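One structure is given below, encoded as structure tokens.
Residue numbers (our numbering), protein chains in the order written: chain A, 1 to 137; chain B, 1 to 263.
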């Protein structure tokens, strides 16, 4: 039992994560691996030789989520409440409970404008196609 | 780790991808974006015509809305009175039909017939569009026929022109075809710019029965019901400047999964 004159420790506020990569997210979680966050994989259509076929956009940002969902005590991380609990339970029973994984938490649409084989112009919208934010799920 | 490898490959040495890897990448993106097969090399594109210019404006408006969230997309003047029933003519946020469209297709008219000054009245002009590559599993939510009106000499600017668009439903040998009125607009003879007519009914009809696509017919009359030649009042046909040729735009929405009717 703590001696009576010990200062009551300020309860660490477990605020939920911000969904943009901030300074903290670049801190390597442990042995150089990065915390869960969104990465960009940009492919330009002109590089693919499609310039005369796809009018817009000029390329496709195929974002993806990657990074660790370890539970670094004392630092903010991209995780929902549930994921936090799951991580703690995973630490207690690693063989029974998998740890949370880094996955999209928000998706956004993408529109593509292109010529079809009859030289008609088509605007195609794809809902929930591009990763907007990532988090531990 | 696969993505990591991919990221490295794309960023650092995309051009050094082997032909096969490049083909893989193309196939991957086409399937993700739901685009049709590999692109066919197009003949060198002449200056873009009216349909691509309109669609590019629409693309920017839709993309702006996607970036900022609903109700923000700004429609440039060239598109603002698109899709009549949902958008008013001032610069509105995107209308529901445009925002909710999964596919928008533009068609340039293939065939034009005209009865003009060399024949007896009434004068008219017909436009037929090749709608063959329609997206499967999507329904038409709106369609419009867009035609450009220029100013012509000798036109009394304050005269009002009544322009009506009909669907040609059934052709009859040696007789007038069966027509169904789609839309009508009254415009001052001194007005110049794009006119957009609502042809949703006809477009729906052609989607369900492609063989019934006999095109549309356009008449112009004065206040005292005198028929005027379409070309004479300044309506631009397919021989006009490329950036002002008539075309059709159709908005489609993916059919929602058919919900089970309540028992």
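Note that CB positions come from ideal geometry on N, CA and C, so glycine has one too.
Because the structure is a prediction, the values reported are computed rather than measured.
Cβ-based burial, residue i [other Cβ within 10 Å; buried from 16]
i, result
"residue 23 of chain A", "Its pLDDT being 33, under 50, residue 23 of chain A is placed unreliably by the model, and nothing is read from it."
"residue 109 of chain B", "buried"
"residue 18 of chain A", "Its pLDDT being 35, under 50, residue 18 of chain A is placed unreliably by the model, and the measurement read from it follows with that caveat. Exposed."
"residue 163 of chain B", "buried"
"residue 133 of chain A", "buried"
"residue 97 of chain B", "buried"
"residue 180 of chain B", "exposed"
"residue 235 of chain B", "buried"
"residue 92 of chain A", "exposed"
"residue 68 of chain A", "buried"
"residue 146 of chain A", "Nothing about residue 146 of chain A can be reported from this structure: the residues present for chain A run from 1 to 137 only."
"residue 18 of chain B", "exposed"
"residue 158 of chain B", "exposed"
"residue 135 of chain A", "buried"
"residue 82 of chain B", "With a pLDDT of only 47 at residue 82 of chain B, under 50, the local geometry of the prediction cannot be trusted, and the value read off the model is given with reservation. Under this definition residue 82 of chain B is a buried residue."
"residue 255 of chain B", "exposed"
"residue 98 of chain A", "exposed"
"residue 246 of chain B", "buried"
"residue 80 of chain B", "Confidence in residue 80 of chain B is poor, its pLDDT being 47 and thus under 50, which makes the residue's placement unreliable; the coordinate value appears in the next sentence. Under this definition residue 80 of chain B is a buried residue."
"residue 239 of chain B", "exposed"
"residue 75 of chain B", "Residue confidence is low: residue 75 of chain B scores 49 on pLDDT, short of 50, so the model does not pin down where it sits. Its coordinate-derived value is still stated next. Residue 75 of chain B comes out buried."
"residue 119 of chain B", "exposed"
"residue 178 of chain B", "exposed"
"residue 154 of chain B", "exposed"
Spatially closest choice to residue i from the options, by CA coordinates
i, options, result
"residue 182 of chain B", "B/135, B/215, B/194", "B/215"
"residue 113 of chain B", "B/124, B/119, B/34, B/107", "B/124"
"residue 60 of chain A", "A/52, A/67, A/69, A/41", "A/41"
"residue 129 of chain B", "A/39, A/47, A/135, A/118", "A/118"
"residue 63 of chain A", "A/116, A/99, A/125, A/37", "A/37"
"residue 150 of chain B", "B/241, B/117, B/174", "B/241"
"residue 25 of chain B", "A/33, A/35, A/50", "A/50"
"residue 232 of chain B", "B/255, B/206, B/189, B/213", "B/189"
"residue 170 of chain B", "B/212, B/66, B/197", "B/212"
"residue 208 of chain B", "B/219, B/134, B/174, B/186", "B/134"
"residue 184 of chain B", "B/119, B/192, B/196", "B/196"
"residue 191 of chain B", "B/66, B/156, B/219, B/65", "B/156"
"residue 145 of chain B", "B/227, B/201, B/67, B/226", "B/201"
Backbone CA spacing between residue i and residue j [nearest angstrom]
i, j, result
"residue 56 of chain A", "residue 60 of chain B", "9 Å"
"residue 87 of chain B", "residue 199 of chain B", "Unreliable placement is indicated for residue 87 of chain B, whose pLDDT of 32 sits below 50; no coordinate value is reported for it."
"residue 224 of chain B", "residue 172 of chain B", "29 Å"
"residue 176 of chain B", "residue 115 of chain B", "12 Å"
"residue 221 of chain B", "residue 121 of chain B", "11 Å"
"residue 84 of chain A", "residue 243 of chain B", "58 Å"
"residue 141 of chain B", "residue 194 of chain B", "21 Å"
"residue 33 of chain B", "residue 127 of chain A", "10 Å"
"residue 137 of chain A", "residue 136 of chain B", "35 Å"
"residue 53 of chain B", "residue 116 of chain A", "16 Å"
"residue 27 of chain B", "residue 20 of chain B", "10 Å"
"residue 88 of chain A", "residue 37 of chain B", "48 Å"
"residue 82 of chain A", "residue 96 of chain A", "16 Å"
"residue 22 of chain B", "residue 48 of chain A", "7 Å"
"residue 73 of chain B", "residue 31 of chain B", "For residue 73 of chain B, the predicted model reports a pLDDT of 44, less than 50, meaning its position is unreliable; a value from the coordinates is still stated below. Looking at the two C-alpha atoms, the distance is approximately 27 Å."
"residue 54 of chain A", "residue 57 of chain B", "15 Å"
"residue 35 of chain B", "residue 58 of chain A", "15 Å"
"residue 111 of chain B", "residue 219 of chain B", "17 Å"
"residue 86 of chain A", "residue 70 of chain A", "11 Å"
"residue 66 of chain B", "residue 99 of chain B", "9 Å"
"residue 187 of chain B", "residue 227 of chain B", "15 Å"
"residue 123 of chain A", "residue 237 of chain B", "24 Å"
"residue 52 of chain A", "residue 94 of chain A", "53 Å"
Whole-number beta carbon distance between residue j and residue i, since they are thought to touch under 8 Å
i, j, result
"residue 166 of chain B", "residue 217 of chain B", "5 Å"
"residue 130 of chain A", "residue 29 of chain B", "Going by Cβ atoms, the distance from residue 130 of chain A to residue 29 of chain B rounds to 12 Å, so no, they are not a contact pair."
"residue 121 of chain A", "residue 50 of chain B", "Not really, about 10 Å apart at Cβ, beyond 8 Å."
"residue 248 of chain B", "residue 101 of chain B", "The pair is not a contact, with the Cβ atoms about 15 Å apart (cut-off 8 Å)."
"residue 55 of chain B", "residue 113 of chain A", "6 Å"
"residue 168 of chain B", "residue 138 of chain B", "With a Cβ gap of about 25 Å, residue 168 of chain B and residue 138 of chain B do not count as contacting."
"residue 250 of chain B", "residue 203 of chain B", "5 Å"
"residue 46 of chain A", "residue 63 of chain B", "Residue 46 of chain A to residue 63 of chain B, Cβ: 18 Å. No contact."
"residue 109 of chain A", "residue 125 of chain A", "6 Å"
"residue 252 of chain B", "residue 152 of chain B", "Between residue 152 of chain B and residue 252 of chain B the Cβ distance is about 36 Å, and since that is not below 8 Å, they are no contact."
"residue 229 of chain B", "residue 117 of chain B", "5 Å"
"residue 90 of chain A", "residue 66 of chain A", "Wrong, their Cβ atoms sit about 19 Å apart, outside the cutoff."
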